[in-house]
Every structure is written in C-alpha cells, then in structure tokens.
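K.L.:
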Amino acid sequence: CVTGLPTRHVGERFQRSNDTVSRYFRKMVAIFASEPFYSKYISLPFTSSATTVHPYIRESSRFWPYFKDVIGAIDGSHIPAAPPLRDRAAYRNRK
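In terms of the working numbering, the sequence shown opens at residue 3 and continues consecutively.
Printed below as a string of structure tokens:
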C-alpha cells in the first residue's frame, strides 16, 4: 500500500474491508497509469542533470547492472546508508 501500511491497517483506519481497500487501490493505480493522466501529469527527467550517474556507480561492475536503467527515485523512498562519520550530514534524511 502507498502509505507503507498493510491493507489491513488501512481498512481498519477507514473502517472498510480489506477487499474494498484493495479494489480501490487497484482502480487508482489503473487511473494513474492510464494514458490521459500519465501523459498529462507525469514527466520523466530524460535530459535533466539529475539523470547523470556518479562515475563510481557507472564504472563499477558491482553496482552498474542494478542502476543502469534507473531514471530516478520515487519521492519518499528511503535508502539505508552507513556513510563515514565525517560525511553523515550529507546523507541526513530531509523532506
């Protein structure tokens, strides 16, 4: 579920059955993925500088196979990281 909660918790919160929550979630996904909505409101960063990949990842046979087709991150995604103490401020979670 988008909220990060299981369907059961969303159903309890809104006093709806799991089936109802699941059915309407699928309907919303279908709407967001449909051509009129998708082509009007979704823009992918094809020529943005945000699509440049750091050389450490691009030149690494360990990481590149997993990142080669990535075009961005979904807003709200969190990636666990354990940077060196001197670099921790740069990795701090911000909204």
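Virtual Cβ for every residue (Gly too), placed ideally from N, Cα, C.
A quick note: this is a predicted structure, and the numbers were derived from the prediction, not measured.
#1: Would you kindly work out how many angstroms separate the C-alpha atoms of residue 30 and residue 38, rounded to a whole number?
#2: Could you give the distance in angstroms between the alpha-carbon of residue 42 and the alpha-carbon of residue 36?
#3: To the nearest angstrom, how far is it from the Cα of residue 59 to the Cα of residue 69?
#4: Secondary structure at residue 13, three-state DSSP: helix, strand or coil?
#5: Give me, in chain order, the residues of the same chain whose beta-carbon lies closer than 7 Å to that of residue 62; leave out the 5 immediate sequence neighbours on both sides.
#6: Expressed to the nearest angstrom, what Euclidean distance is found between the alpha-carbon atoms of residue 9 and residue 83?
#7: Which residue comes first and which comes last in the alpha helix (DSSP H) that contains residue 57?
#8: Let me confirm a value: residue 23 is counted as buried when at least 16 other C-beta atoms fall within 10 Å, else exposed. Which label applies?
P.N.:
Considering the structure as presented:
#1: Annotation: residue 30 to residue 38 spans about 14 Å, alpha carbon to alpha carbon.
#2: 10 Å
#3: 8 Å
#4: helix
#5: none
#6: Residue 9 and residue 83: Cα-Cα distance of roughly 28 Å.
#7: 57 to 60
#8: buried
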